[in-house]
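Residue numbers (the working numbering): 6 to 561.
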Amino acid sequence: MGSAEEANKPTSPYDSSSPSQPLLFKPPSTEEPNQPDQPESDPTQYLQISYNYGPRPFKDLPFLILFVLVVLCTFGFGIFCVFHKNPNYSNLSSYKYDLNSTSCVKGSNFNGFYESGFDFYVLSSSGSGFLKSLIWTLVVTLILSVPICFLLLLLLKHYTKQIVYVSLPFFIVIPIFFNVYWFVACTVSSSCTDAFPLVYRILVFVFVFLIIGIIVWIFVANWHRIELTVKIIGVASDALSKNLGLFVVIPLLTLGLVAYYVPIVVFLVFVRLNGKIVPKESNGEYRCAWKQDSWVPAYYTLAILTMLWSLTVMVEAHVYVIGGAIAQWYFTGVDTKPRRSIRSSLRTAQGHAYRNAFGPSSGTVCLSGLLICVVRFVRASVDSARQEDIPGMVNFVLRCCVKALLSAVDFLNKFTINFAAITGEAYCTSARMTYELLKRNLLSAVFVETVSTRLLAGIAFILSSIYAIVVCAILKGASNIGFYSYVVAVLAWALLIIVLGSFVHVLDNVIETVYICYAIDRDRGEVYKPEVHEVYALLPSSRNHRAPMAPTAPLV
């Protein structure tokens with residue numbers, strides 16, 4: 006590394022008799038000192054793991070090329086769809102079957118157009134109050150979501166324990182409130198009583214209380230881990246507050262994905278216009294129908310798969326950027342501020358000495374996104390097959406094997422992108438080195454602290470619910486849209502919980518990145534962030550791994 010890293014490198018707290026050991030270090034054998042090295046040994050086994058500030062080569066290029074080819078094919082055929090469309094599709098109702106020519110000929114019939122336009126006008130006029138309230142509510146919600154996220158981050162950083170313990174009762178109170186409210190409101194309303202009989206209302210009422218009871222049981226069973234969860238959330242909030250630029254980068258990447266989706270959606274609209282009007286026989290009578298070109302279903306499949314793969318690639322790019330930024334903060338000296346941590350995680354490779362998500366690691370991100378996309382698709386197929394309840398032992402065994410395979414992929418992928426963002430290694434190498442790193446230090450690659458994720462999601466739900474109640478009360482008093490005030494409040498709740506859910510996702514990625522950085526620190530026998538070691542050292546050790554071959558000194 007450079008001189009800057011040496012200057013920021015902390016002094017090892019371990020005794021000199023127990024020097025820091027690199028990843029997968031194999032101590033020399035005392036029985037066979039002259040034994041030659043194994044030819045299959047991987048040089049990466051002897052690397053000293055740390056953040057790679059230097060220039061990095063491109064990795065996993067075939068998957069980047071494949072992704073680019075898929076996108077180019079989608080856009081290329083999409084442009085062809087736009088220029089090859091049949092303009093007669095909109096006039097299908099005006100075509101009649103001609104017995105003399107045995108083909109469809111164009112007539113004159115425009116009633117459908119005027120009726121549909123008039124109906125649209127009527128609907129727009131009757132719902133103008135609802136649409137106006139909905140638009141203004143969503144706009145205000147989107148604007149307020151920004152200070153809400155920053156305020157939540159500030160509170161979690163300085164008052165983590167208070168926020169968590171104050172939020173816990175609301176996990177029970179708010180579901181009880183909504184359950185009692187809908188039951189009473191439906192009982193009072195005559196229309197709801199007629200549409201929803203009392204027996205069914207009671208069943209739903211009791212079922213919701215059973216779910217609330219399960220939530221209470223989960224809290225009681227995990228109560229001993231609340232204190233550790235509070236500390237982990239506090240550490241992650243502090244790390245995220247030192248990298249506020251992520252709140253600019255992540256939304257911009259999301260907006261970029263939306264802008265990228267717009268032309269694909271346009272292509273999907275125009276692709277159905279590729280075809281011709283042909284006569285179709287039904288019960289001895291002929292009528293004119295629209296027949297799509299034979300390649301249209303194939304393009305639908307290609308475009309949808311491209312959108313899904315692009316979505317998972319962007320999700321993994323988010324993880325990569327977050328991991329790169331947080332890792333630079335972690336491995337920077339206490340008195341040094343990583344001013345360019347976000348920028349170096351995003352900068353393209355043009356002779357610069359920094360790795361970024363859309364440069365050398367773009368192939369790795371594409372491969373990770375492809376694996377996630379395949380896993381989600383296969384899992385959805387397995388769930389669909391399970392709902393069909395197909396009998397047979399073979400089917401049961403296949404489902405179990407597929408689930409085991411999907412769990413293995415999730416196991417490998419959990420910290421792989423974070424590790425790739427830190428070291429710049431290829432996907433497969435990062436997966437193997439991450440597993441061996443955690444195995445060596447008796448850390449689990451599956452369990453970090455799931456309670457923290459659930460608590461953060463619960464806090465987001467509580468804030469969104471309180472906001473929805475306030476919105477509904479304001480609409481009830483300031484507008485006359487009646488029942489639609491509940492619809493607007495639900496949509497405002499959905500928008501806010503999406504934004505807060507994204508915030509929770511970022512904070513969850515920060516927790517995992519700090520975890521892998523802590524593992525690297527522990528493997529090297531160094532402590533870059535003592536406050537992190539004090540917390541993450543309390544996590545349970547993995548019981549699935551044997552003890553390392555060489556003993557490591559305990560943390561100070």
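Where is the CB? At the ideal position from N, CA and C, for every residue including glycine. All figures in this text were calculated on a predicted structure; none of them were measured in a lab.
Residue i: first and last residue of the uninterrupted beta strand (DSSP E) it sits in
| i | result |
| --- | --- |
| valine 283 | 280–287 |
| tryptophan 295 | 290–297 |
Exposure label - residue i; buried when at least 16 CB within 10 Å
| i | result |
| --- | --- |
| serine 163 | Checking the displayed sequence, the identity of residue 163 turns out to be histidine instead of serine. Exposed. |
| cysteine 405 | exposed |
| valine 561 | Only weak support exists for where valine 561 lies, its pLDDT of 32 falling under 50; the value from the coordinates is given anyway. Counting Cβ neighbours within 10 Å, valine 561 comes out exposed, since fewer than 16 surround it. |
| leucine 249 | exposed |
| isoleucine 309 | exposed |
| lysine 137 | exposed |
| glutamate 286 | exposed |
| proline 365 | buried |
| tryptophan 228 | exposed |
| glutamine 333 | buried |
| asparagine 446 | buried |
| glutamate 2 | Nothing can be reported for residue 2, as the shown portion of the chain is limited to 6 through 561. |
| tyrosine 472 | buried |
| valine 271 | exposed |
| leucine 468 | buried |
| valine 193 | exposed |
| tryptophan 141 | exposed |
| proline 545 | exposed |
| threonine 165 | buried |
| cysteine 197 | exposed |
| arginine 61 | buried |
| alanine 497 | buried |
Residue range of the unbroken alpha helix (DSSP H) whose run includes residue i
| i | result |
| --- | --- |
| serine 172 | 165–193 |
| lysine 444 | 432–445 |
| valine 76 | 66–88 |
| valine 326 | 301–335 |
| serine 108 | Unbroken run through serine 108 is the beta strand (DSSP E), 108–111; no alpha helix (DSSP H). |
| valine 504 | 489–529 |
| tyrosine 541 | 535–541 |
| glycine 429 | No alpha helix (DSSP H) holds glycine 429; DSSP gives it neither H nor E. |
| alanine 362 | Taken as a continuous stretch (DSSP letters only), alanine 362 belongs to no alpha helix (DSSP H), as it is neither H nor E. |
| tryptophan 222 | 203–226 |
Whole-angstrom C-beta distance between residue j and residue i, which should lie under 8 Å
| i | j | result |
| --- | --- | --- |
| serine 369 | alanine 322 | One point to set straight first is that residue 369 is threonine, not serine, in the sequence displayed. The Cβ separation is near 10 Å, so there is no contact. |
| leucine 69 | cysteine 371 | 5 Å |
| asparagine 423 | serine 373 | That belief does not hold up - the Cβ atoms of asparagine 423 and serine 373 are roughly 11 Å apart, past 8 Å. |
| isoleucine 282 | tyrosine 100 | 5 Å |
| isoleucine 525 | leucine 442 | 7 Å |
| serine 172 | glycine 463 | 7 Å |
| proline 251 | valine 511 | It is leucine, not proline, that sits at residue 251 in the sequence shown. Confirmed, about 6 Å. |
| leucine 278 | lysine 90 | 4 Å |
| methionine 319 | leucine 262 | 5 Å |
| arginine 284 | serine 108 | Arginine is not the amino acid found at residue 284; the sequence shown has proline there. Going by Cβ atoms, the distance from proline 284 to serine 108 rounds to 6 Å, so yes, they are a contact pair. |
| valine 414 | leucine 376 | 6 Å |
| isoleucine 502 | alanine 465 | 6 Å |
| serine 470 | isoleucine 237 | Serine 470 to isoleucine 237, Cβ: 25 Å. No contact. |
| tryptophan 295 | tyrosine 94 | 6 Å |
Identify every run of the alpha helix (DSSP H) within the segment 231–266, keeping only runs that are complete inside it and at least 4 residues long; order them along the chain.
231–246
Does the segment 239–258 touch the segment 56–74, meaning 3 or more C-beta pairs lie closer than 8 Å?
no
Inter-stretch contact at 8 Å, needing at least 3 Cβ pairs: the segment 436–445 / the segment 456–466
no
Does the segment 141–154 come close enough to the segment 216–235 to have 3 or more Cβ pairs within less than 8 Å?
no
Between the segment 211–221 and the segment 252–266, can you find at least three pairs of beta-carbon atoms closer than 8 Å?
no
Is there contact here, the segment 84–97 with the segment 290–305, by at least three beta-carbon pairs under 8 Å?
yes
If we count Cβ pairs, one from each stretch, closer than 8 Å, do we get three or more for the segment 480–489 versus the segment 508–522?
no
Does the segment 493–509 touch the segment 200–209, meaning 3 or more C-beta pairs lie closer than 8 Å?
no
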